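**Student:**
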Amino acid sequence: MIDQMRLTMLLSVLVAGLLIANIYGEFYKVNAKAPENILVIGHTIDIHSMTLRQKIAQMIMAYGNPDDKALYQQMDIGGIFLTAMETPDAFNKTTELMQRNSKIPFFIAADVEGCINPFENFAKFPSLADIKTSEDAFAVGKSQGKLMHELGLNMNFAPVVDTRDTIWNCRSFSGTPDDIADKAAQYVTGLQSEGIIATPKHYPGKTLSVRDPHRLLTYAVIDDSDIEPFAKSEMAGAGAVMISHVIGSGAVDTEGKPAVTSKKAVATLKKDFNGLVVTDDINMLGLMRYYGRSDGRYIDLFAAGNDIVLDVASSPDKISHIIDVVEGAVHTGKISESQIDNSVKKILNAKGFKTI
Amino acid sequence: MGKLAILNIALFIAVIALFINLAGPKDITAKVVFSLDQSEPKCIFELQDKQTIIDDMSVCCFELQKQLACTHDNTINGDFICSTSSYGAQYKVNAKAINYCTTQGYRIKTK
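Protein chains in written order, with my numbering: chain V, 1 to 356; chain W, 1001 to 1111.
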């Protein structure tokens, strides 16, 4: 009887404690302080006033859930990714809400590709596969950019410049590699003329033509023709390029690893490209199968030299954890802080700031 | 069994439930349903009557999250149609796929 009473008391204490912990979410407390320390004077930011955690956070883009806005602003993450909404008004309200009171404005991105279109409920665009000429590509890029700008977005994870799309059959431009490269460059020019950062994807190519029937890692031999659309887009001034999880050989050697975590692949891209290198979503099986659920993938993603890490299946506690891991890797020398600083400078410059 | 013993069993179950809710992923329901559902996740992309199977579930989940909503397809029990408009691209998925994506942290809007 006494043992049962003791057990009752013990269990009651445990229940009370866990109830309180559930309410306050103690196990996954988001480690962030309000970014009041960041010195912003007009359009100039003193990067030295940012903590390491804030700099790492600037390199992360997450799913744009308005419920997470306060925490993401507190952490000072670099941007958010939006998906389909019913009306233009819904987009305007969301983008205005997310940017309100931001110390450093978010990148606000979406996948506006054509046949994949978050505005489809109120605005239709042709799929890239149906675009006949480079002039048409410019016009489509410009019209998509105009709408995105009106709705408060500033970055498009597009165009898809894989030379073949045998999975969706609509996401890539059609024609020869030269045709695709020319259309891609004109699309980029049209989109960016409206103030939207273009992000040709998915470097180094062959991401939409490699089937993975066994759901294992994805290997591809990369040809010069796969790289040509990226080169022409970069020459057209694309502000960013998205890098994929394909394990490449041939024209781009990813060292037997997913391209996003290959220092060699990222360095090859950056040899002729000064814009932002954005990872494809880091929850993709192409990355998860290689690393499992190990935190090592976060270290390798940042160590590889990417400027922005995209996590669309994100939550504030998960983002906080990623920052913890990367901060630790900087302190142990696995990632250099100067590399972080270089990426943050590029990000802030792309947002219209000078840095000191 | 004495009343105290019954109370202790109830408290023990409460401890387990609260601990799982605190330490595990938020959507416990999806996790439980996913485990109990023995079918394979299914994801089919359809545009202009042409269908393609999306083998990679992570790619499927990302695409589903981009859609406006996933609604029940009354023609096939347990399946959903995920799209942004009535005339554009669609994804036809089963409940297993929806639950898998939810357990992986993707935000799938279902009606």
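Ideal Cβ placement from N, Cα and C applies to all residues, glycine included. In this text the structure is predicted, and so the values were computed from the model without any measurement.
Chain W partners of Met5 of chain V, CB-CB under 8 Å?
**Tutor:** Sequence index remark: in the first sequence, residue 5 of chain V carries index 5 (1-based). Leu1004, listed in chain order.
**Student:** Given Leu39 of chain V, which residues of its chain have a CB within under 6 Å of its CB, disregarding the five upstream and five downstream residues?
**Tutor:** The residue given as residue 39 of chain V occupies position 39 in the first sequence. Asp46, Ser49.
**Student:** Secondary structure at Phe27 of chain V, three-state DSSP: helix, strand or coil?
**Tutor:** On the first sequence, residue 27 of chain V is found 27 positions in, with the first residue counted as 1. A caution first: Phe27 of chain V carries a pLDDT of 48, below 50, which makes its placement in the model unreliable, though a value can still be read off. Phe27 of chain V: helix per DSSP, three-state reduction.
**Student:** Closer than 8 Å by beta-carbon distance: list the chain W residues that pair up with Val15 of chain V, in chain order.
**Tutor:** As a first step, residue 15 of chain V must be located in the first sequence, where it is residue number 15. What Val15 of chain V touches in chain W: Leu1011, Ala1014, Val1015, Leu1018.
**Student:** On the criterion of 16 or more Cβ atoms from any shown chain inside 10 Å, does Val161 of chain V qualify as buried, or is it exposed?
**Tutor:** As a working mapping, residue 161 of chain V is identified with position 161 in the first sequence. Under this definition Val161 of chain V is a buried residue.
**Student:** Terminal residues of the continuous alpha helix (DSSP H) containing Asn342 of chain V?
**Tutor:** Locating residue 342 of chain V in the first sequence gives position 342, where the first residue counts as 1. Looking at the DSSP string, the run of the alpha helix (DSSP H) that includes Asn342 of chain V is 337-350.
**Student:** Is the region 85-94 of chain V in contact with the region 108-122 of chain V, if contact means three or more CB pairs nearer than 8 Å?
**Tutor:** Yes, the region 85-94 of chain V touches the region 108-122 of chain V.
**Student:** Would you say Ile1054 of chain W faces chain V, with C-beta separation under 9 Å as the test?
**Tutor:** Locating residue 1054 of chain W in the second sequence gives position 54, counting from the first residue. At least one chain V Cβ lies under 9 Å of Ile1054 of chain W.
**Student:** For Tyr1100 of chain W, would you say it is in contact with chain V, using Cβ-to-Cβ distances shorter than 9 Å as the test?
**Tutor:** Position 100 of the second sequence holds residue 1100 of chain W. No, Tyr1100 of chain W does not count as interfacial toward chain V.
**Student:** To the nearest angstrom, how far is the alpha carbon of Phe1019 of chain W from that of Asn283 of chain V?
**Tutor:** Residue 1019 of chain W sits at position 19 when you count from the first residue of the second sequence. Residue 283 of chain V sits at position 283 when you count from the first residue of the first sequence. Rounded to the nearest angstrom, the two C-alpha atoms are 26 Å apart.
**Student:** DSSP three-state call for Cys115 of chain V: helix, strand or coil?
**Tutor:** Start at 1 with the first residue of the first sequence, and residue 115 of chain V comes out as number 115. Coil at Cys115 of chain V, not helix or strand.
**Student:** How many angstroms separate the CA atom of Ser315 of chain V from the CA atom of Lys1003 of chain W?
**Tutor:** Taking the first residue of the first sequence as 1, we reach residue 315 of chain V at position 315. Taking the first residue of the second sequence as 1, we reach residue 1003 of chain W at position 3. So the alpha carbons of these two residues sit roughly 42 Å apart.
**Student:** At 3 residues or longer, and completely inside the region 85-157 of chain V: list those beta strand (DSSP E) runs for me, N to C.
**Tutor:** As far as the region 85-157 of chain V is concerned, its whole beta strand (DSSP E) runs of at least 3 residues are 107-110.
**Student:** Touch check for the region 180-195 of chain V and the region 255-265 of chain V: three-plus C-beta pairs under 8 Å?
**Tutor:** Taking 8 Å as the limit for Cβ pairs, the verdict is that the region 255-265 of chain V does not touch the region 180-195 of chain V.
**Student:** Beta-carbon within less than 7 Å of Lys1108 of chain W's beta-carbon, same chain only, minus the 5 sequence neighbours each way: which residues are those?
**Tutor:** By one-based count along the second sequence, residue 1108 of chain W stands at place 108. Residue identity differs from the one stated: residue 1108 of chain W is Ile in this sequence, not Lys. Counting only Cβ-Cβ distances below 7 Å, and skipping sequence neighbours, we find Leu1064, Gln1065, Cys1070, Ile1098, Cys1101, Thr1102.
**Student:** Would Thr1084 of chain W count as contacting chain V if we go by Cβ distances under 9 Å?
**Tutor:** Numbered from its first residue, the second sequence carries residue 1084 of chain W at position 84. Yes, because at least one Cβ of chain V sits closer than 9 Å to the Cβ of Thr1084 of chain W.
**Student:** Give me whichever residues DSSP pairs with Leu310 of chain V in a beta bridge.
**Tutor:** For the purposes of this step, residue 310 of chain V is taken as residue 310 along the first sequence, with counting starting at 1. Beta-bridge pairing links Leu310 of chain V to V:Met61.
**Student:** Going by DSSP, what residue range makes up the alpha helix (DSSP H) through Cys170 of chain V?
**Tutor:** By 1-based counting over the first sequence, the position of residue 170 of chain V is 170. Here Cys170 of chain V belongs to no alpha helix (DSSP H), and DSSP marks it neither H nor E.
**Student:** Can you tell me whether Leu153 of chain V is buried or exposed? The criterion is at least 16 other CB atoms within 10 Å of its CB, across all chains shown.
**Tutor:** One-based indexing of the first sequence puts residue 153 of chain V at position 153. By the 10 Å Cβ count, Leu153 of chain V comes out buried.
**Student:** Quick check on the DSSP output: the beta strand (DSSP E) that includes Phe81 of chain V runs from which residue to which?
**Tutor:** Here residue 81 of chain V refers to the residue found at position 81 when the first sequence is read from its first residue. First-last of the beta strand (DSSP E) with Phe81 of chain V: 79-81.
**Student:** Can you tell which of V:Tyr219, V:Ser12, V:Ile60, V:Leu71 has its C-alpha closest to the C-alpha of Val30 of chain V?
**Tutor:** Start at 1 with the first residue of the first sequence, and residue 30 of chain V comes out as number 30. The option with the nearest alpha carbon to Val30 of chain V is V:Leu71.
**Student:** Write down the C-beta distance between Leu310 of chain V and Phe81 of chain V rounded to the nearest angstrom, noting that I regard them as a contact closer than 8 Å.
**Tutor:** Counting from one through the first sequence, the residue named residue 310 of chain V turns up at place 310. Counting from one through the first sequence, the residue named residue 81 of chain V turns up at place 81. Indeed, because the Cβ distance is near 7 Å, the residues count as touching under 8 Å.
**Student:** Report back the beta-carbon spacing between Ala267 of chain V and Asp223 of chain V to the nearest angstrom; my notes put them in contact at under 8 Å.
**Tutor:** Translated into the one-based positions of the first sequence, residue 267 of chain V becomes position 267. Translated into the one-based positions of the first sequence, residue 223 of chain V becomes position 223. With a Cβ gap of about 20 Å, Ala267 of chain V and Asp223 of chain V do not count as contacting.
**Student:** Give the range of the alpha helix (DSSP H) segment to which Ile364 of chain V is assigned.
**Tutor:** In the structure displayed, chain V extends from 1 to 356; residue 364 of chain V sits before or after that span and is not available.
**Student:** Name the chain V residues that come within less than 9 Å of Ala1089 of chain W, Cβ to Cβ?
**Tutor:** Translated into the one-based positions of the second sequence, residue 1089 of chain W becomes position 89. Per Cβ cutoff of 9 Å: Cys115, Ile116, Asn117, Glu120, Ser127, Trp168, Cys170.
**Student:** Can you list, in chain order, the residues of its chain with a C-beta nearer than 6 Å to that of Ser143 of chain V? Leave out the 5 residues immediately preceding and following it.
**Tutor:** For the purposes of this step, residue 143 of chain V is identified with residue 143 of the first sequence, where counting begins at 1. The answer is none, since no qualifying residue turns up.
**Student:** Whose C-beta lies closer than 6 Å to the C-beta of Ile227 of chain V among residues of the same chain, with five residues either side of it excluded?
**Tutor:** Here residue 227 of chain V refers to the residue found at position 227 when the first sequence is read from its first residue. Cβ neighbours of Ile227 of chain V beyond the five flanking positions: Ala251.
**Student:** Can you check whether the CB of His43 of chain V is closer than 9 Å to the CB of Gly352 of chain V?
**Tutor:** Along the first sequence, one-based indexing puts residue 352 of chain V at 352. Along the first sequence, one-based indexing puts residue 43 of chain V at 43. Yes.
**Student:** Classify Phe273 of chain V as helix, strand or coil using the three-state DSSP reduction.
**Tutor:** In the first sequence, counting from the first residue as 1, residue 273 of chain V sits at position 273. Note: Phe273 of chain V maps to coil in three-state DSSP.
**Student:** Name, going along the chain, the residues of the region 48-71 of chain V whose beta-carbon falls closer than 9 Å to a beta-carbon of chain W.
**Tutor:** Answer set for the region 48-71 of chain V: Tyr63, Asn65.
**Student:** What does a CB cutoff of less than 8 Å around Phe27 of chain V pick up in its chain, not counting 5 residues either side in sequence?
**Tutor:** As a working mapping, residue 27 of chain V is identified with position 27 in the first sequence. Residue placement at Phe27 of chain V cannot be trusted, given a pLDDT of 48 that sits under 50; the coordinates are not used to answer.
**Student:** Would you mind giving the Cβ-Cβ distance between Gln58 of chain V and Val344 of chain V, rounded to the nearest angstrom? I have them listed as a contact below 8 Å.
**Tutor:** As a first step, residue 58 of chain V must be located in the first sequence, where it is residue number 58. As a first step, residue 344 of chain V must be located in the first sequence, where it is residue number 344. Going by Cβ atoms, the distance from Gln58 of chain V to Val344 of chain V rounds to 5 Å, so yes, they are a contact pair.
**Student:** Which first and last residues belong to the beta strand (DSSP E) in which Ala1069 of chain W is found?
**Tutor:** To locate residue 1069 of chain W, count along the second sequence from 1; it is residue 69. Counting along the chain, the beta strand (DSSP E) containing Ala1069 of chain W begins and ends at 1069-1072.
**Student:** Figure out for me which residue from V:Pro200, V:Gly256, V:Lys206 has the closest Cα to the Cα of Phe230 of chain V.
**Tutor:** One-based indexing of the first sequence puts residue 230 of chain V at position 230. Checked all of V:Pro200, V:Gly256, V:Lys206; the closest Cα to Phe230 of chain V is V:Pro200.
**Student:** Beta strand (DSSP E) containing Asp1079 of chain W: first to last residue?
**Tutor:** Sequence index remark: in the second sequence, residue 1079 of chain W carries index 79 (1-based). Start and end: 1079-1083.
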